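Presented below is the structure to which this report refers.
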Amino acid sequence: MEANYWQYYLSFEEDIDRLFRYIEPSEHNFSVYSVELTRLYLAICSEIDVLLKAYCTLLDADSNPSKINEYAEVIILSKRTLFSETVNLQRFGISMTPFAKWEQRSTPIWWKKHNGVKHNRDINFKDANLGNVLNSFAALYVLNLYYYHELNSIELRKQGFFETLEETAVSLKSRLDVLRIDSAWLGILGS
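The opening position of the sequence shown corresponds to residue 1 in full-length UniProt numbering, with each subsequent residue numbered one higher.
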C-alpha cells in the first residue's frame, strides 16, 4: 500500500489554518511559542524526515541517506532545485524559501532548531515557535510537490510522456490552499 504523504500534508494544513485563528501569521509573531506549536513542529519535521527518505529513494534507489545533509547531497547530485523554491502564505504576504541553506551546503536553521527541541525540549522550548513551524510546513509542501512530480514522471516516462511541475501542482488538491509555490512556472498557471 502506498503511503499517502499528501494526506499528511493536508492534515497539517488544517492544523495550521486553525492556528491562524489564535496567532496572526506575521513576522512580528514569529517568536511566539507554545505547546501546540511544539506538537506541530515535531510532527511536521518527522514527516519531512520520512518524505525526504522516500524522495531520495525515488531519485537514487541505491542511496541510503539518514541525515538532513545526506538527503541534501542526494537531491543536489540529482540536479533537483527544490532549494530555490519560495513558498507564499498568500493571505498574509509572507514568503519562505525553506531549503535555501542547501545552496551553500548548509543545514536549514528551522531543521537545526527542530533537533534542539526534539533532543532538549526543556532548554530549547522557545525554538518551537511560529517562524520555525511555518518554515518547516513550507518545506513539507515543497517536498510533496517534488516527490509527487518525480513519482508521476517515472510512470509517465515509461509511456513516453512527461509531466511538468506545474501539472503536478495542479493535480495535488488542497482544501484550504494555505500555501502556494512562488516560482515563475506558477505564474504561468494563473495566466
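Heads up, the beta-carbon is just placed ideally off N, CA and C, and yes, glycines get one too. Only a predicted model underlies this, so the values are computations on that prediction, with no experimental measurement involved.
If you follow the beta strand (DSSP E) that residue i is part of, which residue opens it and which one closes it?
i: V87; result: 87–89
i: R180; result: 179–181
i: W153; result: The question names Trp, but residue 153 is Ser in the sequence shown. That residue, S153, is in no beta strand (DSSP E); its alpha helix (DSSP H) goes 130–158.
i: S95; result: 94–96
Within its chain, find whatever has a CB closer than 7 Å to the CB of residue i; leave out the 5 residues flanking it on each side and keep chain order.
i: A184; result: Low confidence applies to A184: its pLDDT is 39, below 50, so where it sits in the model is not reliable enough to give any reading.
i: Y33; result: F125, K126, A128, N129
i: M1; result: Any answer about M1 is weak, because its pLDDT of 41 lies below 50 and its placement is not dependable; what the coordinates show is given next. Excluding residues within five positions, none has a Cβ falling inside 7 Å.
Can you tell me which of the options puts its alpha carbon nearest to the alpha carbon of residue i?
i: D60; options: N144, C45, I76; result: I76
i: L145; options: H119, R18, S174; result: S174
i: V133; options: Q7, L37, N69, H149; result: L37
i: residue 194; options: A138, I109, E166, L151; result: Coverage of the chain is limited to positions 1 through 191, which leaves residue 194 absent and any answer about it impossible.
i: I181; options: Y141, L151, E150; result: Y141
i: L89; options: T107, S46, P25; result: P25
i: H72; options: S106, M96, S136; result: The question names His, but residue 72 is Ala in the sequence shown. Out of S106, M96, S136, S106 has the C-alpha closest to the C-alpha of A72.
i: E166; options: V178, N152, L176, K158; result: N152
i: V74; options: W102, P108, K158; result: W102
i: T81; options: V170, T97, W110; result: T97
Given this structure, state the Cα-to-Cα distance separating residue i from residue j, to the nearest angstrom.
i: H119; j: G160; result: 47 Å
i: E163; j: L156; result: 7 Å
i: L186; j: T86; result: Residue confidence is low: L186 scores 45 on pLDDT, short of 50, so the model does not pin down where it sits. No coordinate-derived value is stated.
i: I94; j: F30; result: 11 Å
i: H114; j: A100; result: 17 Å
i: E150; j: R91; result: 29 Å
i: N69; j: L58; result: 17 Å
i: S84; j: L52; result: 16 Å
i: H28; j: A3; result: 37 Å
i: C45; j: T168; result: 23 Å
i: Y55; j: K67; result: 13 Å
i: R121; j: W111; result: 14 Å
i: L18; j: P65; result: Checking the sequence, you will find Arg at residue 18 rather than Leu. When rounded, the distance between both Cα atoms is 34 Å.
i: L189; j: L176; result: Its pLDDT being 41, under 50, L189 is placed unreliably in this model, and the value from its coordinates should be taken loosely. Looking at the two C-alpha atoms, the distance is approximately 18 Å.
i: F20; j: G131; result: 13 Å
i: V35; j: K79; result: 38 Å
i: K158; j: I23; result: 47 Å
i: D49; j: V170; result: 24 Å
Tell me where the alpha helix (DSSP H) around residue i begins and ends.
i: S171; result: 165–171
i: N124; result: 121–124
Enumerate in chain order the residues of its own chain whose CB-to-CB distance from residue i is below 8 Å, with the five nearest sequence positions on each side excluded.
i: I123; result: G116
i: A43; result: F12
i: D15; result: L40
i: E47; result: Y5, Y8, Y9, F12, L140
i: L172; result: W6, N144, L145, Y148
i: I154; result: L58
i: L179; result: E13, V87, N88, L89, Q90, F137, A138, Y141
Got a sec: does the ligand GTP put a non-hydrogen atom nearer than 6 Å to the Cβ of residue i?
i: K67; result: With respect to small molecules bound, the structure shown includes none, and the ligand GTP cannot be examined in it.
Kindly say whether residue i, judged by its beta-carbon, lies nearer than 7 Å to any beta-carbon of chain C.
i: N64; result: No chain C appears in this structure, which consists of one protein chain only.
Residues in the same chain with beta-carbon distance under 6 Å from residue i, minus the five sequence neighbours each way, listed in chain order, please.
i: S63; result: C56, V74
>> At 4 residues or longer, what runs of the alpha helix (DSSP H) sit wholly inside the region 13–83?
In response: 35–59, 68–77
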